[in-house]
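Heads up: the protein sequence lines correspond to chains A and B, in order. Following this note's numbering, the numbering of the first sequence begins with 1 at its first residue and continues without gaps. Following this note's numbering, the numbering of the second sequence begins with 293 at its first residue and continues without gaps.
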Amino acid sequence: MVDIAHGPDPGPHPAPTDGRAAYLDMVRRKRMYGGIILAMFVALMASGFLLAQERNAGDFLSGLPMLGAFPAEMLSEAWANRSELPGLVVRFLPSLIETLNIAAVATLIGTLGATMLALLATRGLARWPRLISLFRRSMDALRAIPEIVVALVLIFIIGGGPVPAAIAIALHTMGALGKLFSEVAENADLRPVEGLVSVGATWGQRMWLGVIPQVAPNWMSYGLMRLEINVRASAILGFVGEGGIGHDLKLAMQWGKGRYDQVVAIFLLLLVAIVIIDRISDRLRRRLVSGR
Amino acid sequence: MTFAAPAPSLADRITRSFGHRRRLAIAVPAAILVYLVYAAISFDLAGLASRARWDNAGILLSDFWSYKTHVTRDNRTGVLTVAIEGEVRGSYPAGTLPDWVTTDGRVTTIDLGRGNVVTYDPAGMQYVIAGYGTVGVTPVDGRLVLTTPGPVPGWISASDNKVAITTAAGRVNYSRAKVETFRYEPGWEMFFFTLDSPFYGKDPVELLGLALAGARIDPARANLALMASEFWGNRMWHHADVAWALSETVLMAFLGTLGAAVIALPLGFMAAANMMPFGPLRFALRRVFDVIRGVDGLIWTILLSRAFGPGPMTGALAIMATDTGSFGKLFSEALENIDERQVEGIRSTGANGLLRARFGVIPQVTPVLLSQVLYYLEANTRSATVIGAIVGGGIGLLLTQAIITQKDWEEVAYYIVLIVLMVMAMDSLSGWLRRKLIRG
Chain A
1 MVDIAHGPDP
11 GPHPAPTDGR
21 AAYLDMVRRK
31 RMYGGIILAM
41 FVALMASGFL
51 LAQERNAGDF
61 LSGLPMLGAF
71 PAEMLSEAWA
81 NRSELPGLVV
91 RFLPSLIETL
101 NIAAVATLIG
111 TLGATMLALL
121 ATRGLARWPR
131 LISLFRRSMD
141 ALRAIPEIVV
151 ALVLIFIIGG
161 GPVPAAIAIA
171 LHTMGALGKL
181 FSEVAENADL
191 RPVEGLVSVG
201 ATWGQRMWLG
211 VIPQVAPNWM
221 SYGLMRLEIN
231 VRASAILGFV
241 GEGGIGHDLK
251 LAMQWGKGRY
261 DQVVAIFLLL
271 LVAIVIIDRI
281 SDRLRRRLVS
291 GR
Chain B
293 MTFAAPAPSL
303 ADRITRSFGH
313 RRRLAIAVPA
323 AILVYLVYAA
333 ISFDLAGLAS
343 RARWDNAGIL
353 LSDFWSYKTH
363 VTRDNRTGVL
373 TVAIEGEVRG
383 SYPAGTLPDW
393 VTTDGRVTTI
403 DLGRGNVVTY
413 DPAGMQYVIA
423 GYGTVGVTPV
433 DGRLVLTTPG
443 PVPGWISASD
453 NKVAITTAAG
463 RVNYSRAKVE
473 TFRYEPGWEM
483 FFFTLDSPFY
493 GKDPVELLGL
503 ALAGARIDPA
513 RANLALMASE
523 FWGNRMWHHA
533 DVAWALSETV
543 LMAFLGTLGA
553 AVIALPLGFM
563 AAANMMPFGP
573 LRFALRRVFD
583 VIRGVDGLIW
593 TILLSRAFGP
603 GPMTGALAIM
613 ATDTGSFGKL
623 FSEALENIDE
633 RQVEGIRSTG
643 ANGLLRARFG
653 VIPQVTPVLL
663 SQVLYYLEAN
673 TRSATVIGAI
683 VGGGIGLLLT
693 QAIITQKDWE
703 EVAYYIVLIV
713 LMVMAMDSLS
723 GWLRRKLIRG
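Structure representation (structure tokens):
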């Protein structure tokens, strides 16, 4: 962390007599560059913001006081119907479980796919070394296609429900995790693999017995992190496409006034689920990394 | 040299540990399998096969690389229209026809290629199918009568009111009101110029000649400028609007990510144990970060779009809100992991807290923080597509609209290609910046 902040060697040292002047000169120049970059950054942000505001339906300053209005309206309606809230929570629980299932299935399948892709795309481990770049490019492609695109196209073909979302998230997970997995596997110790080669192990055995045990803690930690991301993605995909609690949320939002108690119930469920999953995954990851 | 037999207790322990591992090696995959089976049942995977519409997949794939031209005759008035994708904007103006359609006002001949010819005449319609024979449809007393060389094959569906013939060369639909022929051709039609453009239907060599040397079509402008504006203002593909939408999406990601970073930096300082001596504030800030992160991007998006209305600013604010929590947590963690010696050195010169932070801390953490911000910028370019679909801005909105109409799949393909290119460009830009900023 410290080393990389210094940059490359500045070249031959200046004579000691003019060291002070040269140093001050350098500091001044650096400050000027920093100032220019900062000014450019501020100008870019400001003009970008104004542009975005111009294309927006409402502008920032007039929207700011409204920020509390919708939550207040929603909460007051939910408060008025507070006796029904537990019933609504129970009613939407199956949708929440569907959302979580989508995320879990996608993470599982994605992790399995990423494992294969990563092993096939890592130098020194690959089954077919010539195809490494093919597998790498395919991981890049899987990562680059946003989930929403795959999900919407699949909804058109195989109809609504949780499956399109699960497939879309799984594909994206394969690409995203595959890259991280392969980076971890690159640093794996090759001696166990060589040992296994010497006793005539097949490629599968070499990977399963020589590589996987080394990288498993790191991989599982990345997988858990991905699970957190995927729960959120699954909720969003439900809102835009179909399936899970996101879809219920969309229906309740479209209905608007009169169903805000449902919206609040769904928000609560989502919030609690996400916080719990984050907590569990955080704890598990800490245990994995510290070696229990 | 003597070999001592391992103590029986050790052997026992190892055997037991191996047995334990072996059981685990079977139990974990079994548990995963059981879970997947449960998921398959709860997702109704079996019912999926029956619900899946593979013909939709066919339409999608064929639309991705080809377009169809509708040749329609109104059976009551006899008016013939030829329109690309059946759209008004793609209609051939009256008096002009593609070279594979000929008409004398009463009889229309449509050449579908390879010996397949459809003829509309006052009596009805004949379709000469290469290698099969002639299929005819004639309305008699308000009912449609189908004549085929043999028994009616599976690719013709016929009732009293409607006859649909699907062949490799094209499709013909005959109803009492109208008869339509669809001819498929590869490519995205009118991608560059629409039918009413003077440049329509010219090949690249002709266009190049026109651009460089030809007489001015519009006396006020050079041909190249006219060409650019005709392309940019293409009324079928709306290139200008699409470019706008793309830049809106990038803008959302950029504003959201960097705005969040700017807000989170001071908060991160206040939440780091070695920067902020006052414990309760630290604790409170940490919980605030947790809540912001827990209130998912979806919820932020919905709440903010209620206040600010649809548009890219709302999307940027939603990204900003979500990421402020993540950045606050990441930044405070990075700040807690700094090397204290550098701060000590600054402290020894009598610097106050602000100066210590500026000269002792910032130079150390900048590379770490920047690389995190750039990673998020990359990821947010993708999220901005989805958030755009919710808040109604950017390419995400165009994509969902195009998919919901279930008609213009070539536009969907175009958008997908553009989105993938955008994401890849942002990935390589941020990777380049990361290398540049961190290594020197």
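For each residue, glycine too, the CB sits at the ideal point set by N, CA and C.
Shown here for B:Y492: same chain residues with a beta carbon closer than 6 Å to its own, the five before and five after excluded, namely F485 in chain order. Here DSSP, grouped into helix, strand and coil, assigns B:Q418 to strand. Within the region 709-724 of chain B, those residues whose Cβ lies closer than 8 Å to any Cβ of chain A are, in chain order, I711, V712, V715, M716, D719.
For A:R29, the closest Cβ of chain B is not nearer than 7 Å. For B:T373, the closest alpha carbon among the candidates B:L353, B:L352, B:G397 is that of B:G397.
Among the residues of chain B, none has a CB under 8 Å from the CB of A:V215; the nearest is roughly 16 Å distant.
For the options A:F239, A:L24, A:K250, A:Y222, the alpha carbon positioned closest to that of A:V289 is the one of A:Y222.
In this structure, A:A216 sits away from A:L177, with a CB-CB distance that is not shorter than 7 Å.
Using a Cβ-Cβ cut-off of 7 Å, A:F135 is close to nothing in chain B; its nearest Cβ partner there is about 17 Å away. Contact with chain B is found for A:R55, since one of that chain's Cβ atoms lies less than 7 Å from the residue's Cβ. At least one C-beta of chain B is nearer than 7 Å to the C-beta of A:P162. For B:T411 and B:T692, the gap between their C-alpha atoms comes out near 39 Å.
Against chain B, a Cβ distance below 9 Å from A:F70 picks out I594, L595, R598, A599. Residue burial is scored here from C-beta neighbours: B:K728 has fewer than 16 other C-beta atoms within 10 angstroms and is therefore classed as exposed. Comparing alpha carbon positions, the residue from A:G175, A:L196, A:R206, A:N101 closest to B:V329 is A:N101.
Cβ-Cβ distances below 6 Å link B:V371 to nothing in the same chain once the five nearest sequence neighbours on each side are left out. For A:I276, the number of other beta carbons within 10 angstroms of its own is below 16, and it is reported as exposed. Taking 7 Å as the cut-off, the Cβ atoms of A:E98 and A:G244 count as close. Burial is judged here by how many other beta carbons sit within 10 angstroms of a residue's own beta carbon; A:K257 has fewer than 16 and is exposed. B:F600 places its beta carbon 7 Å or farther from that of B:T593. It is roughly 13 Å from the alpha-carbon of B:G442 to the alpha-carbon of B:I421. When DSSP states are grouped into helix, strand and coil, B:I630 belongs to the coil group.
Assigned with DSSP and collapsed to three states, B:E481 falls in coil, not helix or strand. Here the C-alpha atom of A:P86 lies approximately 12 Å from the C-alpha atom of A:W79. Residue-level contact check: A:V150 does not touch chain B, since none of the beta carbons of chain B fall below 7 Å from its beta carbon. Sixteen is the threshold: when 16 or more other Cβ atoms of the shown chains lie within 10 Å of the Cβ of B:D615, as they do, the residue is buried. In the DSSP assignment, B:F474 is bridged to B:H362, B:R463.
Under the 8 Å Cβ criterion, the region 204-219 of chain A does not count as touching the region 654-671 of chain B, having fewer than three qualifying pairs.
Looking at the backbone, the Cα of B:A608 and that of B:T541 are separated by about 9 Å.
In the DSSP assignment, B:L302 is bridged to no other residue. DSSP places A:I145 in the coil class of the three-state scheme, outside both helix and strand.
When DSSP assignments are scanned along the region 371-453 of chain B, no uninterrupted stretch of alpha helix (DSSP H) that is 4 or more residues long falls wholly within it.
For the region 109-130 of chain A, the residues whose beta carbon sits under 9 Å from a beta carbon of chain B are, in order, I109, L112.
The continuous alpha helix (DSSP H) containing B:Q693 extends over residues 686-697. Within the region 547-571 of chain B, L547, L550, G551, V554 place their CB atoms closer than 9 Å to a CB of chain A, listed in sequence order.
Pairing B:K360 with B:Y476 gives a Cβ-Cβ distance under 7 Å.
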